[in-house]
Amino acid sequence: MPSMASNNADHTAKINNPNGPKADFMARRQAIEKHRKALPIAVVEKRLLEEVRNNDVLIIVGETGSGKTTQLPQYLFYGGFCRNGGVIGITQPRRVAAVTVAKRVAEECGVTLGQKVGYAIRFDDATSASTRIKYMTDGLLLREALLDPYLSKYSVIVVDEAHERTVHTDVLLGLLKTVQKTRSQGVNKNVHNRTIEAENGIQLEKENVVESTGIMKHNQGKNLSPLKLIIMSASLDAKIFSDYFGGARAVHVQGRQYPVDVLYTHQPETDYVDATLITIFQIHLEEGPGDILVFLTGQEEIESIERLIQERLPKLPESKCKLLVIPIFASLPSEKQMKVFMPPPSGFRKVILATNIAETSVTIPGIRYVIDPGMVKVRTYDASTGIEPLIIVKTSKAQALQRSGRAGREGPGKCYRLYPENEFYKLKASTTPEIKRCNLANVILQLKALGVDDILGFDFIEEPDRMAIIKSMELLFLLGALTDGSKLSDPVGHQMARLPLDPIYSKALVVANQFNCLEEMLIIVALLSVESIYYAPREKLEESRTVLRSFSSLEGDHLTLLKIYRASDEFLEKSKLVGSPDKAEKKLRKWCKQNFINSRSLKHARDIHSQIRRNVEQMGLCVTSCGDDTLQMRRCLAASFFLNAALKQPDGTYRALSSGLAVQIHPSSVLFRMKPECIIFNELVRTNQNYVRNVSTIDYLWLPELAPQFYALLE
DNA sequence: GAGCACTGC
Numbered sequence: 001m002p003s004m005a006s007n008n009a010d011h012t013a014k015i016n017n018p019n020g021p022k023a024d025f026m027a028r029r030q031a032i033e034k035h036r037k038a039l040p041i042a043v044v045e046k047r048l049l050e051e052v053r054n055n056d057v058l059i060i061v062g063e064t065g066s067g068k069t070t071q072l073p074q075y076l077f078y079g080g081f082c083r084n085g086g087v088i089g090i091t092q093p094r095r096v097a098a099v100t101v102a103k104r105v106a107e108e109c110g111v112t113l114g115q116k117v118g119y120a121i122r123f124d125d126a127t128s129a130s131t132r133i134k135y136m137t138d139g140l141l142l143r144e145a146l147l148d149p150y151l152s153k154y155s156v157i158v159v160d161e162a163h164e165r166t167v168h169t170d171v172l173l174g175l176l177k178t179v180q181k182t183r184s185q186g187v188n189k190n191v192h193n194r195t196i197e198a199e200n201g202i203q204l205e206k207e208n209v210v211e212s213t214g215i216m217k218h219n220q221g222k223n224l225s226p227l228k229l230i231i232m233s234a235s236l237d238a239k240i241f242s243d244y245f246g247g248a249r250a251v252h253v254q255g256r257q258y259p260v261d262v263l264y265t266h267q268p269e270t271d272y273v274d275a276t277l278i279t280i281f282q283i284h285l286e287e288g289p290g291d292i293l294v295f296l297t298g299q300e301e302i303e304s305i306e307r308l309i310q311e312r313l314p315k316l317p318e319s320k321c322k323l324l325v326i327p328i329f330a331s332l333p334s335e336k337q338m339k340v341f342m343p344p345p346s347g348f349r350k351v352i353l354a355t356n357i358a359e360t361s362v363t364i365p366g367i368r369y370v371i372d373p374g375m376v377k378v379r380t381y382d383a384s385t386g387i388e389p390l391i392i393v394k395t396s397k398a399q400a401l402q403r404s405g406r407a408g409r410e411g412p413g414k415c416y417r418l419y420p421e422n423e424f425y426k427l428k429a430s431t432t433p434e435i436k437r438c439n440l441a442n443v444i445l446q447l448k449a450l451g452v453d454d455i456l457g458f459d460f461i462e463e464p465d466r467m468a469i470i471k472s473m474e475l476l477f478l479l480g481a482l483t484d485g486s487k488l489s490d491p492v493g494h495q496m497a498r499l500p501l502d503p504i505y506s507k508a509l510v511v512a513n514q515f516n517c518l519e520e521m522l523i524i525v526a527l528l529s530v531e532s533i534y535y536a537p538r539e540k541l542e543e544s545r546t547v548l549r550s551f552s553s554l555e556g557d558h559l560t561l562l563k564i565y566r567a568s569d570e571f572l573e574k575s576k577l578v579g580s581p582d583k584a585e586k587k588l589r590k591w592c593k594q595n596f597i598n599s600r601s602l603k604h605a606r607d608i609h610s611q612i613r614r615n616v617e618q619m620g621l622c623v624t625s626c627g628d629d630t631l632q633m634r635r636c637l638a639a640s641f642f643l644n645a646a647l648k649q650p651d652g653t654y655r656a657l658s659s660g661l662a663v664q665i666h667p668s669s670v671l672f673r674m675k676p677e678c679i680i681f682n683e684l685v686r687t688n689q690n691y692v693r694n695v696s697t698i699d700y701l702w703l704p705e706l707a708p709q710f711y712a713l714l715e
């Protein structure tokens, strides 16, 4: 992912002062102060601090551009909320946001990043003992809670972008509600008079300080004080959060956005691809300067519209041909993604064809026109089969507003919704929260590890489907993570909960330890946890196949992945012997390109690998290798992934044993033509047919031998 | 012989 302008981007002008660096610095400080004071939230600073002092939970509804994410933590810090060494934690749903905002706030405070102001995301911790304002991803705070269930180092936790309702945010809210209750109960209110020195060195007045004693102190040996909770949301509807926290107080902070003129069609469109194309050319030919952002559902749609524009463009008069088409979606290599940030050649208008990556994750400069066909591709969850198919649905109202807002970031803009106005009012108010449409195995494992035994009775902000909970509990039971009494099993369940992986993969590591092939399984699981590591441009499909053949294993995709990883690792280690680590990394990227491997995915897998290797070593597991014994390796795969086994049928298709579904081996598999009798697989995708991916061949008889709890009846 | 939105630990 390219580095992106955050929602709270720096609007301060660059200053080049002829009077030297010191004057430069002063000018910069003044510019920052001026910028801070001009933010809409600045006028309510005192009031916000009062509200936080008077309320344990506060909901802040802040529109885009209010400055809430960067400013509130600073207000709290200078308002004395870090006394006794307490930390202000601010959670974000996305990694880039946590990093860019932390950098900005460190600069505003005039401190080095990682000192007073820092951030922590997976694989990258820029905090220290002196960090008092800590930005982080919500998923990371959930992981921290496993080690410190009372989140004792935090005096305030701010949950930002709560309206997005990611699974992590929802689970975190539930956890925070309990933690807050426990922490306030655990405090005997011994009030002292005390002088506090704030971190900025200013002596504050003597005031009443509540010191924590009581139960929690005894239990934890830690000094627990009450926890302040602030929920920040950009949606106008604060009621759901307020209700959840017992009628918590909500305050509204003005935003700062330019007006966006929203236009609708008169009639519903039968073909939105065609309507999109017409609208792009209409804007290009009739409207003033400014780039166009088009929201589409996926790569295929983006590529076909790109082709159609290129076909029609030459038919326009020469003076009107200056239109530059730029696609952007998540799986596009980063170099190509960066193109959206580059200014077009002089006189050209950019038209950016994007998935909803451009809704929140990437802020593209220069957009004046937004085209919104009103459709989006979403992942759903079918509890009866466990499949998570992607389907195209209408957007919600909130999503349509988010999209149109993208036209008003730098000046007044226009949004073309390709449906009639009355259709807009029929849309759902907001997108279904993720927790209602995903597999819950991981959520349940984490809650159990946090001591929540009664999952069906857990106080979720919005209940997931009962069936989805039961299905995931069943899975965890089959994996041996839960006991008959539905408690986390010891040690397996506890070990699994500590690993940041899909529970099936966590279990595979535990199993591999018994099969003496943990070294191999760590690599395989890391690779299975990332996007496909294969990257072959359409025009080089044949060439890529030839190159990759040298790595392929007749025993299946798992051993093929292992070979590729080891080859890349060997290459990297050799390069490190002759050059700097940076140069070695660069060489590895070149190696990836030559071997048709996606270097971004491989890097991600390497990061995961080193993290989970550390995790298993900390658990006391011994990382041993089975060497060349691939039979042992496949027996271990069978013992780990026994729930995903399939048998060949007389007609050459397969039947998945646990679900009974008819499936086929995906054409990308090395076993596609081999068609072995019995296979295990890691993924079942539903497109035109049911395909299984990441497949290895196993012996049918291993199943009752290695997973008797599930296959006893086969004998 | 296929074609998969976006996040996160």
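Quick note: the first sequence, position 368, residue 368 per the UniProt record's numbering, numbers continuous. By construction, the Cβ of each residue, glycine as well, lies at the ideal position given by its N, Cα and C atoms.
Check	Outcome
contact_flag[the region 168-178, the region 457-465] where n(CB pairs < 8 Å) is 3 or more	yes
Three-way DSSP call (helix, strand, coil) for Leu528 in this model	helix
Beta-carbon proximity list for Leu140, same chain, < 7 Å, skipping 5 on both sides	Ala120, Ile121 and Arg122
Helix, strand or coil at Ala42 according to DSSP, with G and I counted as helix	helix
For His266, three-class secondary structure by DSSP	coil
Where Thr560 sits in the DSSP three-state scheme	helix
Pairwise C-alpha distance: Met136 and Val99	8 Å
Assigned exposure category for Asn688 - 16 Cβ within 10 Å defines buried	exposed
Local Cβ density within 10 Å of residue 720, reported as buried at 16 or more and exposed below that	Because the chain spans 1 through 715 in this model, residue 720 falls outside it and cannot be assessed.
Which listed residue (Tyr150, Ile231 and Lys153) has its alpha carbon closest to that of Lys68	Ile231
Contacts around Ile698, its chain only, beta-carbon distance under 6 Å, and the 5 residues preceding and following it disregarded	Arg634, Ala638, Cys678 and Ile680
Own chain residues within Cβ distance below 8 Å of Glu199, not counting five before or after	Note that Glu199 scores 34 on pLDDT, short of 50, meaning its location in the model is unreliable; the coordinates nonetheless yield the value given after this. So the list reads Phe77, Cys82, Lys116 and Arg132, once near-sequence residues are dropped.
Reference Arg94, options Ala102, Phe424 and Ile88, closest by Cα	Ala102
Of the residues Val156, Lys563 and Ile524, the one placed nearest Arg549, counting alpha carbons only	Lys563
Check: Glu462 C-beta below 7 Å from any heavy atom of the ligand SAM	As far as ligands go, the structure on display features none, and thus does not contain the ligand SAM.
Val156 in three-state terms, based on DSSP	strand
Backbone CA spacing between Leu229 and Arg466 [nearest angstrom]	29 Å
Boundaries (first-last residue) of the beta strand (DSSP E) holding Val57	Val57 to Gly62
DSSP three-state assignment for Val623, whether helix, strand or coil	coil
Supposed contact pair Arg655 and Leu643 - C-beta distance, whole angstroms, cut 8 Å	Going by Cβ atoms, the distance from Leu643 to Arg655 rounds to 14 Å, so no, they are not a contact pair.
Beta-carbon gap between Arg686 and Asn615 smaller than 8 Å	no
Among Gly386, Ser304 and Glu45, nearest to Leu661 - alpha-carbon criterion	Gly386
Cβ-Cβ distance between Ile60 and Val251 below 8 Å	yes
Residue interval of the alpha helix (DSSP H) (run including Cys109)	Arg95 to Cys109
Cβ pair count under 8 Å reaching 3, the region 591-606 against the region 557-576	yes
Pick from Ile280, Ser489, Arg409 and Ser599 that is closest to Pro373, judged by C-alpha positions	Ile280
Three-state class that DSSP yields for Val685 in the structure shown	strand
Distance between Lys239 and Tyr711 (C-alpha atoms, nearest Å)	49 Å
Inter-residue spacing [alpha-carbon to alpha-carbon] between Ser696 and Cys517	16 Å
Stretch pair the region 330-343 + the region 386-405: three plus CB contacts closer than 8 Å	no
Pick from Glu359, Pro433 and Leu479 that is closest to His163, judged by C-alpha positions	Pro433
Exposure label - Glu520; buried when at least 16 CB within 10 Å	buried
Run of the beta strand (DSSP E) containing Ser506, from where it starts to where it stops	Careful: Ser506 lies outside any beta strand (DSSP E), inside the alpha helix (DSSP H) at Pro503 to Gln514.
Beta carbon of Met375 nearer than 8 Å to that of Lys350	no
Three-way DSSP call (helix, strand, coil) for Lys350 in this model	strand
With 16 other Cβ atoms within 10 Å as the buried cut-off, status of Ile15	Interpretation of Ile15 is limited by its pLDDT of 49, a score under 50 that renders its predicted location unreliable; no figure is taken from the coordinates.
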